[in-house]
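Trainee:
Number of protein chains: 2
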Amino acid sequence: MPGALLTRFDQTFIDTDPTRQKVAQAESKEDVPSYSLPQYTREDVKKHKNPSDRIWVTYAGEVFDITDFVDLHPGGNRILLAAGGALEPFWALYGVHKSEHVMEILQEYKVGVLSPEDKEEPCDVSDPYSGDPSRHPILKVNSQKPFNAEPPPELLTDSFITPNELFFKRNHLPVPNINPDKFQLVVDRPPGAKQGKPLKLSLKDLKAKFAQHEVTATLQCAGNRRSEMNAIKQVKGLDWGTAAISTARWAGVRLRDVLLDAGYTEDTPNLLHVQFEGLDQDITGTKYGASISFKRAMSKDHEVLLAYEMNGEELPKDHGFPLRVIVPGVVGARNVKWLGRIIVSAEESPSHWQQNDYKGFNPNVDWDTVDFSSSPAIQDLPVQSAITEPRPGEKITPNHDGNVTIKGYAWSGGGKEIVRVDVSLDGGKTWKVAELTGEEKEGLAWAWKIWRLEAAIPVECNEMTIICKAVDNNYNVQPDSVAPIWNLRGVLNNAWHRISVTVDQDEH
Amino acid sequence: MPGALLTRFDQTFIDTDPTRQKVAQAESKEDVPSYSLPQYTREDVKKHKNPSDRIWVTYAGEVFDITDFVDLHPGGNRILLAAGGALEPFWALYGVHKSEHVMEILQEYKVGVLSPEDKEEPCDVSDPYSGDPSRHPILKVNSQKPFNAEPPPELLTDSFITPNELFFKRNHLPVPNINPDKFQLVVDRPPGAKQGKPLKLSLKDLKAKFAQHEVTATLQCAGNRRSEMNAIKQVKGLDWGTAAISTARWAGVRLRDVLLDAGYTEDTPNLLHVQFEGLDQDITGTKYGASISFKRAMSKDHEVLLAYEMNGEELPKDHGFPLRVIVPGVVGARNVKWLGRIIVSAEESPSHWQQNDYKGFNPNVDWDTVDFSSSPAIQDLPVQSAITEPRPGEKITPNHDGNVTIKGYAWSGGGKEIVRVDVSLDGGKTWKVAELTGEEKEGLAWAWKIWRLEAAIPVECNEMTIICKAVDNNYNVQPDSVAPIWNLRGVLNNAWHRISVTVDQDEH
Chain A
0 MPGALLTRFD QTFIDTDPTR QKVAQAESKE DVPSYSLPQY TREDVKKHKN
50 PSDRIWVTYA GEVFDITDFV DLHPGGNRIL LAAGGALEPF WALYGVHKSE
100 HVMEILQEYK VGVLSPEDKE EPCDVSDPYS GDPSRHPILK VNSQKPFNAE
150 PPPELLTDSF ITPNELFFKR NHLPVPNINP DKFQLVVDRP PGAKQGKPLK
200 LSLKDLKAKF AQHEVTATLQ CAGNRRSEMN AIKQVKGLDW GTAAISTARW
250 AGVRLRDVLL DAGYTEDTPN LLHVQFEGLD QDITGTKYGA SISFKRAMSK
300 DHEVLLAYEM NGEELPKDHG FPLRVIVPGV VGARNVKWLG RIIVSAEESP
350 SHWQQNDYKG FNPNVDWDTV DFSSSPAIQD LPVQSAITEP RPGEKITPNH
400 DGNVTIKGYA WSGGGKEIVR VDVSLDGGKT WKVAELTGEE KEGLAWAWKI
450 WRLEAAIPVE CNEMTIICKA VDNNYNVQPD SVAPIWNLRG VLNNAWHRIS
500 VTVDQDEH
Chain B
0 MPGALLTRFD QTFIDTDPTR QKVAQAESKE DVPSYSLPQY TREDVKKHKN
50 PSDRIWVTYA GEVFDITDFV DLHPGGNRIL LAAGGALEPF WALYGVHKSE
100 HVMEILQEYK VGVLSPEDKE EPCDVSDPYS GDPSRHPILK VNSQKPFNAE
150 PPPELLTDSF ITPNELFFKR NHLPVPNINP DKFQLVVDRP PGAKQGKPLK
200 LSLKDLKAKF AQHEVTATLQ CAGNRRSEMN AIKQVKGLDW GTAAISTARW
250 AGVRLRDVLL DAGYTEDTPN LLHVQFEGLD QDITGTKYGA SISFKRAMSK
300 DHEVLLAYEM NGEELPKDHG FPLRVIVPGV VGARNVKWLG RIIVSAEESP
350 SHWQQNDYKG FNPNVDWDTV DFSSSPAIQD LPVQSAITEP RPGEKITPNH
400 DGNVTIKGYA WSGGGKEIVR VDVSLDGGKT WKVAELTGEE KEGLAWAWKI
450 WRLEAAIPVE CNEMTIICKA VDNNYNVQPD SVAPIWNLRG VLNNAWHRIS
500 VTVDQDEH
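Line by line, the protein sequences are chains A and B. Note that numbering that gives the first Met the number 0 has the first sequence beginning at 0, numbered continuously upward. Note that numbering that gives the first Met the number 0 has the second sequence beginning at 0, numbered continuously upward.
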């Protein structure tokens with residue numbers, strides 16, 4: 000097969016230099032010396048993202064035209080995610096590629112080398128964001144500074160757990176640079192406690208003093224699916240698609256245990272809220288902050304964690320290294336990253352993000368009339384679901400049985416488990432029940448379900464509106480449409496997810 | 000004013016007997032001797048329900064034509080609820096009427112007496128329902144045997160607490176006749192408990208051994224608003240309107256305290272459910288039963304009660320006398336009445352009502368394809384709201400400012416508080432925020448909010464679609480329409496509530 004492919008490659012690769020063609024033909028393909036191949040910059044490679052322009056990728060300083068390999072790729076057209084760029088970040092995610100066999104195949108498609116001067120630019124040290132980590136190029140960036148990005152939705156449902164590199168990133172400020180050896184979490188003591196000074200805990204203290212606890216939890220940004228609200232009427236906020244949601248296995252210690260150690264008890268009077276202060280700050284020194292209820296913090300059932308691991312790895316810099324809060328079932332904004340201090344109080348966090356953001360309003364409230372004190376801070380999120388495959392506008396080809404496969408995710412906040420996902424292929428006239436996969440767990444449910452439906456395409460259908468809607472175990476359902484839940488901040492969009500696709504009936 | 004009214008009454012009351020007219024004119028109105036007035040049966044009175052037939056009511060064996068008093072009634076046209084029947088049940092509800100002054104006014108309208116033989120028929124003792132209590136005639140009866148009835152919706156929002164007589168009745172079986180002095184609640188012991196025999200508690204024991212606890216809780220039938228599902232496609236079940244929901248102040252003892260006394264602890268292994276067995280049974284001896292989770296039963300926060308009082312009175316027969324379960328935030332069906340026995344177990348109640356009823360399904364599941372084991376038993380109910388005034392089809396008259404007043408209720412299960420009700424007067428194009436009234440309470444919210452909006456009628460509007468939708472503090476919202484949540488049992492209808500009314504613009 001490599002030989003056949005090479006032939007196709009040779010026939011279609013446009014190279015008008017007769018000398019180089021000769022060299023390539025004379026030597027075996029593996030032995031093409033790099034000096035005999037043209038040099039390209041990363042900018043050159045970027046222009047080759049579509050079959051019409053040929054599809055190029057780079058690996059280890061070499062350039063490959065993989066146009067003719069796409070149909071042969073065992074992972075299907077996922078390979079196109081790397082089109083016009085480097086393979087390394089994808090192979091880091093999908094380790095199966097790191098084999099001699101794969102390298103051999105790749106070499107068949109070599110068309111050039113990267114020009115030596117084409118290296119990463121040095122970072123600007125005067126930029127407060129210069130310490131931000133590098134990110135996976137597959138992410139769709141909604142804002143570079145602060146960094147906010149989401150993965151391609153179709154990757155979310157490839158696996159129940161989202162790989163750390165793909166997990167959506169939602170930063171409000173520059174990523175702080177924290178020395179884990181000097182890090183100390185400060186926990187204020189209860190009023191009138193015998194020990195006057197705050198409790199200070201190093202990472203080592205945390206791990207030594209408290210039992211480790213793990214929880215698989217889905218986090219979702221309140222602005223997930225904001226772009227659908229923007230489509231109705233402009234809102235303020237990052238233009239998130241459907242992938243500001245991800246799932247990881249978190250390990251750390253229970254917040255409850257730390258609060259008990261600091262001297263709090265379930266009955267400590269007048270303490271209703273637990274405030275979290277991040278170590279991320281703006282140029283004025285204002286830190287990110289948020290709070291949850293003291294009752295939730297102290298509840299065994301709610302499993303609130305101070306997490307130092309994400310999917311078995313040290314917490315990545317973008318996700319709060321070295322310590323963050325995980326509040327299962329609750330809007331992402333309360334899952335404070337780079338946690339520096341915990342304050343137990345009668346009042347919610349005074350931070351902008353708790354008081355004047357992340358709240359819902361009636362669709363007719365505008366920026367002239369909004370009163371942020373009139374709405375509660377978002378905590379538990381309502382039931383949600385979205386279609387991840389096919390993609391909106393895609394031309395889909397039915398399989399031999401005339402069926403198509405639809406995939407997506409569904410989740411509900413507050414520990415409520417998804418019990419059903421209904422999918423319609425006819426714009427909402429009829430509904431089929433999707434298959435669900437998820438985690439078996441006793442007690443409250445913190446993680447999403449991945450859903451899948453293989454169903455027949457309605458006869459004679461060239462265009463199709465696919466809709467999904469989920470039901471949780473409290474029988475909460477999603478609203479039908481976006482406009483009536485539209486709000487000026489574009490949060491809490493959990494309307495049915497609808498996409499339109501065209502159907503390739505010829506191949507059927 | 001009584002004189003003026005009397006004149007109008009005299010002019011319009013059709014009595015062709017000149018002798019009697021003479022007698023009436025000669026004597027003062029208060030002194031009209033009963034023997035001089037015509038006799039009517041209750042059937043005769045029933046025919047006078049509308050102004051066109053004159054409006055008659057009875058009180059203490061006398062018959063009154065109150066047609067001309069209706070506009071003068073301080074309580075407005077609420078008085079029409081008694082049209083064609085007895086005033087006693089309404090005056091029992093609205094005690095303000097029991098005054099000499101009101102009696103004097105009423106006497107002005109006397110037109111006859113009830114015929115002496117027109118008494119209540121004796122009950123049929125062979126009928127298993129013969130022991131059922133008498134009910135308030137204002138209730139709209141959906142089923143007589145077993146008795147199921149709801150109040151006129153507009154009365155629900157007259158007061159935050161629903162009077163016991165108006166509280167919706169939902170019986171599955173005949174009301175059992177229980178001697179409170181011999182009543183014993185049986186509570187099974189944990190497996191391997193030292194005390195082998197079940198714990199038996201008389202009413203006196205319950206009141207003496209355990210602290211009294213009170214909670215204001217809204218109960219809602221899973222079938223509330225089923226009639227709107229029926230309007231789309233026939234379902235199986237009682238045709239409830241919007242009033243299978245009511246709110247009372249319940250007093251009793253905490254289920255948790257009783258379970259602790261029987262030997263259970265929060266950590267008793269393998270016990271996941273608490274089953275309740277009613278003393279109501281069918282002719283085969285099958286008793287009503289249902290269950291809730293053991294965790295909820297043991298939770299202080301969830302305030303599950305064994306209640307013996309409703310709104311400060313002994314529990315009425317229809318509501319479970321002498322003892323019932325109150326599970327705040329949970330579907331009515333689990334609030335087992337006439338409680339006889341409590342069983343803690345690894346499994347849910349095996350009863351029909353837990354296993355094969357009160358569950359939700361995809362709208363395309365029918366009686367041939369339904370698998371009851373595939374859906375969870377309904378517990379916490381989703382967010383709900385409905386309009387109680389005006390009534391659908393009503394002709395409404397704007398006030399002097401061109402405004403109308405809309406009223407309704409809103410509630411959410413699971414302890415979630417209603418934080419906003421949006422009301423639209425233009426079929427959903429724009430939304431106004433209603434005023435909420437309710438109970439101030441720490442912790443979880445178990446009672447509804449009554450809402451009210453005074454708003455301008457859209458200009459040149461002769462017909463109007465009014466819609467309401469509520470939001471709870473988890474930002475759960477109601478779905479837009481009924482069809483996509485339709486299910487074969489007609490449960491869980493919490494779509495936006497829509498009504499159409501006509502507008503009397505002439506009087507505007």
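Ideal Cβ positions, reconstructed from N, Cα and C, are used throughout, including at glycine.
Near A/P121, what residues of its chain come up, given a Cβ to Cβ distance below 7 Å and the 5 sequence neighbours on each side ignored?
Mentor: Only weak support exists for where A/P121 lies, its pLDDT of 46 falling under 50; the value from the coordinates is given anyway. If we look at A/P121 and ignore the five residues flanking it on each side, it has no Cβ neighbours.
Trainee: Going along the chain, which residues of the region 462-485 of chain B sit with their C-beta nearer than 8 Å to a C-beta in chain A?
Mentor: Of all residues in the region 462-485 of chain B, K468, V470, N472, N473, Y474, N475, V476, Q477, P478, D479, S480, P483, I484 have a Cβ within less than 8 Å of some Cβ in chain A.
Trainee: Please report the distance separating the alpha-carbon of A/K235 from that of A/G489.
Mentor: C-alpha separation (whole angstroms): 7 Å.
Trainee: Which residues bound the alpha helix (DSSP H) around A/N229?
Mentor: Counting along the chain, the alpha helix (DSSP H) containing A/N229 begins and ends at 225-229.
Trainee: Any beta carbon of chain B sitting closer than 9 Å to that of A/I377?
Mentor: At least one chain B Cβ lies under 9 Å of A/I377.
Trainee: Tell me the rounded alpha-carbon separation between A/G60 and B/S374.
Mentor: About 55 Å.
Trainee: Could you tell me the distance, in whole angstroms, from the CA atom of B/E308 to the CA atom of B/V214?
Mentor: Approximately 11 Å, taken between the alpha carbons.
Trainee: Tell me which same chain residues have a C-beta within less than 8 Å of the C-beta of A/P483, skipping the five on either side of it?
Mentor: Excluding positions up to five away in sequence, the list reads P362.
Trainee: Could you tell me the alpha carbon to alpha carbon distance between A/K28 and A/L138, rounded to whole angstroms?
Mentor: For A/K28, the predicted structure reports a pLDDT of 46, less than 50, and the residue's modelled location is therefore unreliable. A value from the coordinates is still provided. For A/K28 and A/L138, the distance between alpha carbons rounds to 34 Å.
Trainee: Helix, strand or coil for A/F275? Go by DSSP, reduced to three states.
Mentor: Residue state, collapsed to three classes: strand.
Trainee: I'd like to know if the region 247-266 of chain A and the region 304-324 of chain A are in contact, where contact means that at least 3 CB-CB pairs between them fall below 8 Å.
Mentor: They touch, by the three-pair rule.
Trainee: Could you tell me whether the region 391-407 of chain B touches the region 496-505 of chain B, using the rule of 3 or more Cβ pairs below 8 Å?
Mentor: In short, these stretches touch, since the Cβ pair count reaches three.
Trainee: Can you give, in chain order, each stretch of the beta strand (DSSP E) that sits fully within the region 117-176 of chain B and has at least 3 residues?
Mentor: For the region 117-176 of chain B, whole beta strand (DSSP E) runs of length 3 or above, ordered along the chain, are 139-142, 147-149.
Trainee: What does A/A376 pair with, by DSSP beta-bridge criteria?
Mentor: A/K358.
Trainee: Among residues of its own chain, excluding the 5 on either side of B/G262, which ones have a beta-carbon nearer than 6 Å to its beta-carbon?
Mentor: Correct list, in chain order: R188, P189, A192.
Trainee: For B/E313, which of helix, strand or coil comes out of DSSP?
Mentor: Three-state DSSP puts B/E313 in a strand.
Trainee: Give me the chain A residues within the contact set of B/W430, using Cβ-Cβ distance strictly less than 8 Å, ordered along the chain.
Mentor: Neighbours of B/W430 on chain A, chain order: N361, P362, N363, P483.
Trainee: Do A/W447 and A/C467 count as a contact pair if the criterion is CB distance below 9 Å?
Mentor: Going by C-beta atoms, A/C467 is not nearer than 9 Å to A/W447.
Trainee: Got a sec? Which residues, its chain only, sit under 7 Å from B/P510 by beta carbon, not counting five neighbours each side?
Mentor: No answer is possible for residue 510 of chain B: the residues shown for chain B start at 0 and end at 507.
Trainee: Can you list, in chain order, the residues of its chain whose CB lies under 7 Å from that of B/I386, leaving out five sequence neighbours each side?
Mentor: These residues qualify, in order along the chain: I405, G407, I465, C467, H496, I498.
Trainee: Is the number of C-beta pairs between the region 145-161 of chain A and the region 322-342 of chain A that are closer than 8 Å three or more?
Mentor: No, they do not touch.
Trainee: Nearest by alpha-carbon distance to B/K46: which of B/N76, B/P37, B/G84, B/M463 is it?
Mentor: Residue B/G84 is the option with its Cα nearest to B/K46.
Trainee: To the nearest angstrom, report how far apart B/K286 and B/D260 are at their CA atoms.
Mentor: Those two C-alpha atoms are separated by around 25 Å.
Trainee: Whole angstroms is fine: what's the gap from B/V329's alpha carbon to B/I417's?
Mentor: Approximately 15 Å between the Cα atoms of the pair.
Trainee: Taking DSSP's pairing of strands, which residues face B/I395 in a bridge?
Mentor: Answer is B/V502.
Trainee: Does the contact criterion of 3 or more C-beta pairs under 8 Å hold for the region 221-233 of chain B versus the region 251-258 of chain B?
Mentor: No: fewer than three Cβ pairs fall under 8 Å.
Trainee: Going straight from the alpha carbon of A/I78 to that of A/F371, what length do you get?
Mentor: Their Cα atoms are separated by approximately 46 Å.
Trainee: Quick check on this structure: which residue in A/S226, A/D300, A/F68 has the alpha carbon closest to the alpha carbon of A/K415?
Mentor: Of the listed residues, the one whose Cα sits closest to A/K415 is A/D300.
Trainee: Quick one: any contact between the region 426-436 of chain A and the region 165-179 of chain A, if contact means 3 or more CB pairs under 8 Å?
Mentor: The region 426-436 of chain A, when compared against the region 165-179 of chain A, does not touch it at the 8 Å Cβ threshold.
Trainee: Indicate the three-state DSSP secondary structure (helix, strand or coil) for A/L184 in the structure shown.
Mentor: DSSP places A/L184 in strand when its eight states are reduced to three.
Trainee: Examine chain B for any beta-carbon lying closer than 9 Å to the beta-carbon of A/P381, and answer yes or no.
Mentor: It does; some Cβ of chain B falls within 9 Å.
Trainee: Alpha carbon to alpha carbon, how far is A/A306 from B/V476? Give it in angstroms, no decimals.
Mentor: Roughly 32 Å separates the two Cα atoms.
Trainee: Rounding to the nearest angstrom, what Cα-Cα distance links B/R333 and A/V324 in this structure?
Mentor: Spanning the two alpha carbons is a distance of roughly 37 Å.
Trainee: Between which two residues does the beta strand (DSSP E) carrying B/V324 extend?
Mentor: Note, B/V324: beta strand (DSSP E), 323-325.
Trainee: Could you compute how far the alpha carbon of B/N398 sits from the alpha carbon of B/W450?
Mentor: Taking the straight line from one Cα to the other gives about 19 Å.
Trainee: Suppose contacts are defined by Cβ-Cβ distances below 9 Å. Is A/V56 in contact with A/L86 by that definition?
Mentor: Contact flag set, yes.
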